[in-house]
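*Asks:* All residue numbers for the sequence shown refer to the working numbering, where the first residue is 1106 and numbers rise by one.
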Amino acid sequence: MKQIDFGIFPAEDALEMILVFDGKGTIIYANAVAREKLGYNVEICGISIGAVFPNSFEQSEDSFKTEYQFGGGIQNLMAYRKNLTCFPVETRILKNDGQGLYICLANDILEKEYLNREIDKVRQEAQEALKVKSEFVANVTHELRTPVNGILGNVKELMPDEENVKRLRTLKLIERCCGDMNKIINNILDFSKMEAGKFTLEPRRFHFRNMLDYVKESHISRITEKGLEFFVTVSPHVPEYIIGDELRIVQILNNLLSNAQKFTAVGKISVEIMLTAQMKDSIELFFFVHDTGIGIDKADQDKLFQSFSQVDASISRKYGGTGLGLNICKQLVELMGGNIEVESKVNQGTTFSFSIWVGVEKADMEQANPLGEIAAFDKASLFSQEEQQDDIKVFGTADNKEALQKNMSKLILCVEMENWEKAESFMDTIKQLSAGAPREVSRAVLRLKMAIQKEDYDTAVTGFDELKILVE
1106 MKQIDFGIFP AEDALEMILV FDGKGTIIYA NAVAREKLGY NVEICGISIG AVFPNSFEQS
1166 EDSFKTEYQF GGGIQNLMAY RKNLTCFPVE TRILKNDGQG LYICLANDIL EKEYLNREID
1226 KVRQEAQEAL KVKSEFVANV THELRTPVNG ILGNVKELMP DEENVKRLRT LKLIERCCGD
1286 MNKIINNILD FSKMEAGKFT LEPRRFHFRN MLDYVKESHI SRITEKGLEF FVTVSPHVPE
1346 YIIGDELRIV QILNNLLSNA QKFTAVGKIS VEIMLTAQMK DSIELFFFVH DTGIGIDKAD
1406 QDKLFQSFSQ VDASISRKYG GTGLGLNICK QLVELMGGNI EVESKVNQGT TFSFSIWVGV
1466 EKADMEQANP LGEIAAFDKA SLFSQEEQQD DIKVFGTADN KEALQKNMSK LILCVEMENW
1526 EKAESFMDTI KQLSAGAPRE VSRAVLRLKM AIQKEDYDTA VTGFDELKIL VE
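#1: Express the C-alpha separation of S1458 and P1344 in angstroms, rounding to a whole number.
#2: Short of 6 Å in beta carbon distance, which residues of its chain neighbour L1120, apart from the five on each side in sequence? Order them along the chain.
#3: Going by CA-CA distance only, name the one from K1277, G1155 and M1299 that's closest to K1238.
#4: Alpha carbon to alpha carbon, how far is A1508 from V1447? Give it in angstroms, no decimals.
#5: Would you decide whether Q1510 is buried or exposed? Buried here means 16 or more other CB atoms lie within 10 Å of its CB.
#6: Report yes or no: do three or more beta-carbon pairs, one from the stretch 1283-1297 and one from the stretch 1312-1328, lie closer than 8 Å?
#7: Mind the definition here: the stretch 1142-1151 touches the stretch 1179-1199 only if three or more C-beta pairs lie below 8 Å; say whether that holds.
#8: Once the 5 residues before and after V1438 are set aside, which same chain residues still bring their CB inside 7 Å of it?
#9: Less than 7 Å between C-beta atoms, sequence neighbours within five positions excluded: which residues of the same chain meet that for F1192?
#10: With a Cβ-Cβ cutoff of 7 Å, do G1050 and G1128 count as a contact?
#11: Taking the continuous beta strand (DSSP E) assigned at T1338, which residues delimit it?
#12: E1471 to G1398, Cα distance in whole Å?
#13: With H, G and I counted as helix, E and B as strand and the rest as coil, what does DSSP make of A1135?
#14: Rounded to whole angstroms, how far is the Cβ of V1520 from the Cβ of F1569, which I believe are closer than 8 Å?
#15: With DSSP as the reference, label G1349 as helix, strand or coil.
#16: Do you know offhand how far Y1134's Cα is from A1156's?
#17: Would you mind reading off the limits of the beta strand (DSSP E) that contains K1506?
#18: Count the other C-beta atoms from every protein chain shown that fall within 10 angstroms of the C-beta of R1281, then say buried if there are 16 or more, exposed otherwise.
#19: Given a cut-off of 7 Å, decide if L1551 and F1531 are closer than it, judged by their beta-carbon atoms.
#20: How close, in whole Å, do the beta carbons of I1348 and R1309 come, if the pair is a contact with beta carbons under 8 Å?
#21: I'd like to check one pair, G1332 with G1400: are the Cβ atoms closer than 7 Å?
#22: Take the Cβ of E1351 as the centre, count every other Cβ of all protein chains shown within 10 Å, and call the residue buried at 16 or more, exposed below.
#23: What is the DSSP secondary structure of Y1424, reduced to helix, strand or coil?
#24: Which residues in the same chain as M1264 place their Cβ atom closer than 8 Å to its Cβ, once the five residues preceding and following it in sequence are excluded?
#25: Going by DSSP, which residues form a beta bridge with N1190?
#26: Give every residue of the same chain whose Cβ lies closer than 6 Å to the Cβ of S1449, excluding the five residues on either side of it in the sequence, and list them in chain order.
#27: One question on the structure: do V1465 and I1388 come within less than 7 Å of each other, judged by their Cβ atoms?
#28: Using the Cα positions of M1522 and I1433, report the straight-line distance between them to the nearest angstrom.
#29: According to DSSP, is Q1180 part of a helix, a strand, or is it coil?
#30: Cutting at 6 Å between CB atoms, please list the residues of its own chain near E1577, excluding the five before and the five after it.
#31: Starting from E1330, trace the beta strand (DSSP E) both ways and give me its first and last residue.
#32: Locate the alpha helix (DSSP H) running through A1468, then write down its first and last residues.
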């Protein structure tokens, strides 16, 4: 076998097949891998390159014919073994004009093609499984809605005529549970649609501020019942009418405000919307939803937008939730061309900010105030404002005492009316406001909380009087 000088290139030990043939198409060198793959020994030297690649090279008397593009990119050919079986290879053939030689570099891709077929098979099976799962989820959620809505409808019919306080409270609890169940069903259905790639937005022209009024009215009662302040502000640059998916924007705001209300016992919840960019007939709206609740540790913030994820298992036990809401919000925001982020400090509150791109008609944009310079929104100011209000959370300060008295007044009113659900809400606030209090105060708070949980009127009134004396 003729020795070929490849310089510093170790051809014989190379991992790919190397064949060298002359201008007549006669192979004059084959490295160890080529001899092994093709089933030849040294007798490979002297045979035609057309014997190895019969579909690409045709031998003539003193030369060969081929349509192969020498020196080009990698091309796929079929290589034939000595026993006339074949296998696919990726080849690159270079022409050495100085020596009149051709150097063929080839890799066996039989295993690669097999793996690609397996991958395609697995991908197809996964797609079929996803389709079956999506259809199953859609059918199940539809079947679940029917009995839940049936229960809800009957409960609403019974409530106006019910005079017994305890039974009315039970009916209200059933109504609330049915509402929560419908929310869970909707989240699962939305998540399933998104996962299957079948979720689409339905943009239309709507009155933006009327939508915000609807969102505010949906939450203000539950927020103020907890003794929290609630603010919604809109930049004057934002047009009255925009073009977008109103239902999905409401869904995002509802989810973020429900979380804020759920995790906030003292302070306030605020929503701010501003216009931050304009491109032809599209504008970018930026939303901030801020609360003064329990906050989220920096290390746990990445978990927030993952599906079926809770920051802490105790969160789902105490506050409920499937862990789907924020993941759905993230996907909805991204479908609208925006992003969602979170800024939070433990025990100092949380700010969710998200942007979306919506359409706007020229006439609607002209009616809004000129955009001019867009004022920068300082998220840090939200936390600095909260730090200025930290006195309310320090037991014994003037602000803390004032907040305790307000919440205790609302608590005793709920107890007198035997509205135990609202009483528990105010009790949670009182518990947070009394954090760090002397032991006798902490014990009195615990006894009162247990009495309210048991709906024990006499013990609750006694416990309230005891606590009132201790905190005055």
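Glycine included, each C-beta is placed from N, C-alpha and C at the ideal position.
In this text the structure is predicted, and so the values were computed from the model without any measurement.
*Replies:* Inspection of the coordinates gives the following:
#1: 20 Å
#2: none
#3: M1299
#4: 28 Å
#5: exposed
#6: no
#7: yes
#8: I1357, N1444, I1445, F1459 and I1461
#9: A1184, D1213 and L1215
#10: Since the displayed the chain opens at 1106 and closes at 1577, residue 1050 lies outside it and no answer follows.
#11: E1334 to V1339
#12: 39 Å
#13: strand
#14: 7 Å
#15: strand
#16: 14 Å
#17: Here K1506 belongs to no beta strand (DSSP E); instead the alpha helix (DSSP H) covers A1503 to E1521.
#18: exposed
#19: no
#20: 7 Å
#21: no
#22: buried
#23: Because Y1424 sits at a pLDDT of 46, beneath the cut-off of 50, its placement in the model cannot be relied upon, and the following sentence gives the value as read from the coordinates. DSSP places Y1424 in helix when its eight states are reduced to three.
#24: L1273, L1276, K1277 and E1280
#25: The sequence as given places Thr at residue 1190; Asn does not occur at that position. DSSP lists no partner for T1190.
#26: G1400, I1401 and T1455
#27: yes
#28: 39 Å
#29: strand
#30: none
#31: Unbroken run through E1330 is the alpha helix (DSSP H), F1313 to E1330; no beta strand (DSSP E).
#32: K1467 to Q1472
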